[in-house]
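Heads up: the protein sequence lines correspond to chains A and B, in order.
First residue of the first sequence? That's 1 in the UniProt record's numbering, and the numbers climb one at a time after it.
First residue of the second sequence? That's 1 in the UniProt record's numbering, and the numbers climb one at a time after it.
The C-beta atom is built at its ideal place from N, Cα and C for all residues, glycine as well.
For clarity, every value in this text was computed on a predicted model and none was experimentally measured.
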Amino acid sequence: MLSRTAENLYWLARYVERAEYLARTIDATLRVTALPAAYIGKTNEWDSALLTAGVAGSFYQQYEEANENNVVDYLSFSANNPSSIRNCIEAARLNSRSVRTALTSEMWDTINSAWIELQAVWSKGTSTREDLAKFLRFVQETSLRFDGSAYRTMLRNDAYWFSRMGVHLERADNTARILDVKYHVLLPEEEHVGGPLDFYQWSSILRSVSALTAYHWVYRETLKPWLIADLLILNDTLPRSLASCYGNLVRNLDQIGVAYGRQGPAQRHARGIRNRLEHSNMNDIFQHGVHEFIQEFIADNSRLGEIITKQYLI
Amino acid sequence: MAVAFDEMNIPGGDLRPAYQELARWLKETPPEALEYRRQEAELLFRRIGITFAVYGDSDSTERLIPFDVIPRIMSGKEWTLLEKGLKQRVRALNMFLRDIYHGRDILRAEIVPDDLIFQNPVFRPEMNGQQVPHDVYVHIAGIDIVRVDAEDFIVLEDNARTPSGVSYMLENREIMMRLFPDLFARHKVAPVERYPDELLAALRSVAPLSASSEPTVALLTPGVYNSAYYEHSFLADKLGIELVEGRDLIVKNNEVFMRTTEGLKRVDVIYRRVDDDFLDPLTFRPDSVLGVPGLMSAYAAGNITLANAVGTGIADDKAIYSYMPDIVKFYLGEEPILKNVPTWRCREPKDLAYVLDNLSELVVKEVHGSGGYGMLIGPAATKATIEAFREKLKREPEGFIAQPTLALSTCPTCTASGLAPRHVDLRPFVLTGSKRTTIVPGGLTRVALKEGSLVVNSSQGGGTKDTWILDE
């Protein structure tokens with residue numbers, strides 16, 4: 001396969017995944033900010049939404065303060081924010097156009113239809129909460145459709161594996177980011193101070209990664225920070241956990257390695273990260289410091305992106 | 001201007017045989033149903049993304065070509081004649097190109113004047129004496145045909161560089177079959193869907209000698225911003241070949257390779273949709289980033305086939321066009337089956353004088369122009385436009401030819417006020433491989449949607465129709 005095709009497929013998948021994550025983040029933030037002040041305290045949830053999206057720096061170059069209006073606009077519709085939902089969908093469509101031959105018609109249809117539909121939204125923005133909710137749902141559904149069509153219609157060959165790698169690398173990054181921003185509420189067991197404030201913070205973390213119901217199925221307990229951390233970092237049955245993303249990344253890279261008859265630094269690096277996740281437990285991670293652990297993970301993860309690019313995409 | 005030939009109706013009220021079933025169907029179908037399908041067709045085109053870009057049109061980078069749901073129908077007999085004429089014409093085109101870049105018999109015989117070749121910007125001196133694989137120059141030709149009466153098909157243009165529109169021929173058929181299954185059931189329409197197979201077979205057949213027995217074919221596109229990008233990706237997909245951009249290719253030791261996830265892979269045949277000028281910055285325009293540095297030396301070394309060959313523009317130049325009947329006779333010793341439009345060459349003082357005196361009745365075209373840009377349609381132009389054009393013509397007469405305004409035939413077409421006749425032309429696609437020349441029955445029918453208009457180019461607001469050749 002052409003290197004450029006693989007690169008486009010990989011980025012296309014990343015952009016769609018990122019758009020969905022942004023929609024989830026906004027959704028979860030809206031829920032928390034709708035609560036009475038006593039439940040959320042003085043923290044500015046919109047600030048933390050910007051942080052988890054990784055765009056706080058560029059946002060504050062344009063705005064004085066973060067509030068619902070300007071953050072929703074910046075994350076959803078802004079043409080100036082390279083990772084706004086709008087720009088993600090635009091970029092996804094441009095990538096799709098340049099690799100149409102590698103996409104199934106269902107995948108192209110999903111992206112192109114979403115792009116056509118969203119044209120109308122970003123010229124007007126959303127004036128009501130209902131409109132906004134509808135928009136956010138639409139973005140999430142687009143991602144589901146895209147993923148579903150890839151899963152159901154693509155040949156299981158390198159095109160599929162490169163696109164899956166994009167999904168898992170981006171997903172790992174998103175999960176790690178939200179953990180990093182919220183790590184201060186994920187305190188070690190002994191220091192835990194439960195209260196409604198923490199509870200809603202925790203549930204918003206889980207909502208952002210679509211794991212609130214999953215939590216209850218896995219732990220059958222009330223929300224506890226160390227269990228949340230365990231779920232999102234180490235539990236490989238949760239599709240958005242770091243462990244699950246790395247299980248998949250290693251598998252995809254191995255499949256490519258077998259198909260091409262050659263392994264390389266990307267395979268080794270991914271396996272290294274997965275092994276570290278496999279051999280960790282939450283105790284060690286808390287000992288080491290959640291923040292430090294996540295920081296290292298984010299750096300390792302983006303390093304894998306660079307290695308994949310060098311090995312296959314250029 | 002003469003009354004246009006009506007493809008459906010015989011003057012006096014009778015129908016031409018090929019259209020009888022369609023007429024019956026139209027009578028049974030309420031106008032609302034037709035309108036509903038028209039809208040459905042538009043939605044399908046937009047969703048599939050069958051779009052083209054219009055240069056210099058800032059508000060919409062991607063536009064739909066309007067699609068008319070009423071098919072244009074031709075009898076098998078008419079097609080057989082046309083097919084014979086097209087094959088003859090393309091054979092002559094290929095022989096002419098081979099000759100121009102080698103022995104130049106036709107110049108010595110003084111059939112075509114020297115300066116029209118050597119001073120022509122689309123003539124490529126780099127191709128002098130260059131052997132092209134299997135001596136095929138024009139692998140894909142899109143010959144624009146108009147019909148002026150029951151017997152006569154006339155060639156309007158020979159597109160021998162990178163003719164486009166075949167994706168519309170194929171998609172129009174797909175969409176018609178989806179929307180009008182009952183109409184198809186009532187006709188025996190010759191299929192066009194084997195075009196991609198024929199194209200791939202033709203391309204593989206012209207692989208260079210140094211290629212392996214399983215030659216690798218790729219389609220070279222300028223990229224997503226090109227007006228015909230949709231067609232490029234559509235064809236690559238149907239052919240099952242890589243759609244490459246210049247940056248995906250690299251030349252090493254006079255061989256061409258593409259960059260893949262598994263390393264470099266040799267390419268043997270390039271179906272290029274990039275113009276000569278942009279193919280290789282080392283040979284042609286140095287500022288171009290669309291091409292591949294060194295491609296021309298790989299070509300010279302005989303390690304790559306370019307389809308169409310470099311330098312074919314000389315054959316579809318509008319100044320050369322007027323010599324085509326002589327070219328056919330010279331190489332084949334046969335009478336041309338397809339006629340030419342009478343053409344005045346403005347480079348010849350006698351012709352220029354006539355053209356300047358009759359501007360309001362003529363169509364004047366730029367010799368090197370394409371897509372309906374830079375032309376004057378006398379009968380439809382204002383006085384001021386005609387005067388401005390007159391100045392242009394006087395300044396640079398050799399840049400123009402003139403033709404009478406032809407009464408292009410008309411076909412029934414959906415309009416805001418119901419079915420009405422609109423002018424059409426036809427672009428069939430002629431494929432030439434190492435052993436044979438093939439044409440799938442049909443082509444792209446373009447239709448001028450404005451009443452009375454003769455301009456069918458999509459860039460000028462023309463639309464398309466499905467073209468049916470009846471299998472009798």
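Could you check how far apart the C-beta atoms of residue 400/B and residue 365/B are, in whole angstroms? I think they sit under 8 Å.
At roughly 7 Å, the Cβ-Cβ gap stays under 8 Å, so residue 400/B and residue 365/B are in contact.
Buried/exposed call for residue 115/B, threshold 16 Cβ in 10 Å
Residue 115/B counts as exposed, since fewer than 16 other C-beta atoms from the protein chains shown sit within 10 angstroms of its C-beta.
Chain B partners of residue 101/A, CB-CB under 7 Å?
By Cβ distance, chain B contributes 233, 236, 237, 243.
Got a sec? Which residues, its chain only, sit under 6 Å from residue 244/B by beta carbon, not counting five neighbours each side?
Excluding sequence positions up to five before and after residue 244/B, its CB lies within less than 6 Å of the CB of 218, 220, 258, all in the same chain and listed in chain order.
Relative to the C-alpha of residue 266/B, which candidate in 207/B, 288/B, 282/B has its C-alpha closest?
Here the closest residue by C-alpha is 207/B.
Cutoff 7 Å: residue 23/A Cβ touching any chain B Cβ:
At a cut-off of 7 Å between beta-carbon atoms, residue 23/A makes no contact with chain B.
Can you confirm whether residue 17/A, when its beta carbon is compared against all beta carbons of chain B, has any partner nearer than 7 Å?
Interface flag for residue 17/A against chain B is unset, since no Cβ pair is found closer than 7 Å.
Using the beta-carbon count (16 or more within 10 Å), is residue 186/B buried or exposed?
It is exposed - the Cβ of residue 186/B has fewer than 16 other Cβ atoms within 10 Å.
Please classify residue 429/B as buried or exposed, where buried requires at least 16 other C-beta atoms within 10 Å of its C-beta.
By the neighbour-count criterion, in which 16 or more other beta carbons inside 10 Å mark a residue as buried, residue 429/B falls on the buried side.
Checking 7 Å against the spacing of the C-beta atoms, do residue 270/A and residue 227/A come in under that value?
Not a contact, by the Cβ cut-off of 7 Å.
Looking at chain B, is there any beta carbon in it that lies within less than 7 Å of the beta carbon of residue 13/A?
By this cut-off, residue 13/A is not an interface position.
Alpha carbon of residue 61/A to alpha carbon of residue 279/A, nearest angstrom:
The C-alpha of residue 61/A lies about 42 Å from the C-alpha of residue 279/A.
When the cut-off is 7 Å and only beta carbons count, does residue 259/B lie next to chain A?
Taking Cβ atoms only, chain A reaches closer than 7 Å to residue 259/B, which makes this a yes.
Just the C-alpha distance for residue 59/B and residue 262/A, rounded to the nearest angstrom, thanks.
Residue confidence for residue 59/B is low, a pLDDT of 47 falling below 50, so the modelled location carries little weight; the figure read from the coordinates is stated next. Put simply, the backbone Cα of residue 59/B is about 49 Å away from that of residue 262/A.
contact_flag[the segment 287 to 296 of chain B, the segment 135 to 153 of chain B] where n(CB pairs < 8 Å) is 3 or more:
With the cut-off at 8 Å, the segment 287 to 296 of chain B and the segment 135 to 153 of chain B do not touch.
DSSP beta-bridge partners for residue 414/B?
Answer is 419/B, bridged to residue 414/B.
Determine the chain B residues that contact residue 112/A at a beta-carbon separation under 7 Å, and present them in chain order.
Within chain B, the C-beta atoms nearer than 7 Å to that of residue 112/A come from 47, 49, in chain order.
If the cut is a Cβ gap below 8 Å, which residues of chain A does residue 248/B touch?
What residue 248/B touches in chain A: 2, 3, 4.
Which term fits residue 118/B, buried or exposed, when burial requires 16 or more other beta carbons within 10 angstroms of its beta carbon?
In the assembly as shown, residue 118/B is an exposed residue. Its beta-carbon has fewer than 16 other beta-carbons within 10 Å.
So residue 405/B and residue 379/B are in contact, right, with Cβ under 8 Å, and what is the actual spacing, rounded?
For residue 405/B against residue 379/B, the beta-carbon gap comes to about 6 Å, under 8 Å, which counts as contact.
So with CB distances below 8 Å, who are the chain B contacts of residue 89/A?
Neighbours of residue 89/A in chain B, taken as residues at a C-beta separation under 8 Å, are lacking, since the least C-beta distance is about 15 Å.
Pull the bridge partners of residue 209/B from the DSSP assignment, please.
Per DSSP, none; premise fails for residue 209/B.
Between which two residues does the beta strand (DSSP E) holding residue 403/B run?
Looking at the DSSP string, the run of the beta strand (DSSP E) that includes residue 403/B is 400 to 404.
Give every residue of the same chain whose Cβ lies closer than 8 Å to the Cβ of residue 200/B, excluding the five residues on either side of it in the sequence, and list them in chain order.
Excluding sequence neighbours, residue 200/B sits near 217, 239, 240, 241.
List the whole-angstrom C-beta distance separating residue 322/A from residue 50/A, where the pair is believed to meet the contact cut-off of C-beta under 8 Å.
Any question about residue 322/A goes unanswered here, given that chain A covers just 1 to 314.
Could you give the distance in angstroms between the alpha-carbon of residue 86/B and the alpha-carbon of residue 389/B?
Across the structure, residue 86/B and residue 389/B are spaced so that their CA atoms are roughly 34 Å apart.
Tell me the residue span of the alpha helix (DSSP H) that contains residue 338/B.
Where residue 338/B is concerned, there is no enclosing alpha helix (DSSP H), given that its DSSP letter is neither H nor E.
What in chain A is Cβ-close to residue 292/B, meaning under 9 Å?
At a C-beta separation below 9 Å, residue 292/B has no neighbours in chain A, since its nearest C-beta there lies roughly 14 Å away.
Beta-carbon within less than 6 Å of residue 168/A's beta-carbon, same chain only, minus the 5 sequence neighbours each way: which residues are those?
Same-chain partners within the cutoff: 245, 248, 249.
Along chain D, in chain order, which residues have C-beta atoms closer than 8 Å to that of residue 224/B?
Note that chain D does not occur in the displayed structure, where the protein chains are A and B.
Chain-order list of residues whose beta-carbon lies under 7 Å from that of residue 92/B (same chain, five-residue window excluded)
For residue 92/B, where only same-chain residues beyond five positions count, the Cβ hits under 7 Å are 327, 328, 331, 332.
For the putative contact between residue 159/A and residue 91/A, defined by C-beta atoms under 8 Å, what is the C-beta separation to the nearest angstrom?
Between residue 159/A and residue 91/A the beta-carbon gap is near 19 Å, outside 8 Å, which marks them as no contact.
Measure the C-alpha to C-alpha separation of residue 376/B and residue 335/B and round it to an integer number of angstroms.
Per the coordinates, the alpha-carbon of residue 376/B lies some 31 Å from the alpha-carbon of residue 335/B.
Does residue 160/A come within less than 7 Å of chain B when only Cβ atoms are used?
Cβ-Cβ to chain B under 7 Å: no for residue 160/A.
Run of the alpha helix (DSSP H) containing residue 310/A, from where it starts to where it stops
Residue 310/A -> no alpha helix (DSSP H), and no H or E assigned at all.
Whose C-beta lies closer than 7 Å to the C-beta of residue 130/B among residues of the same chain, with five residues either side of it excluded?
Within the same chain, residue 130/B has close Cβ partners 101, 300.
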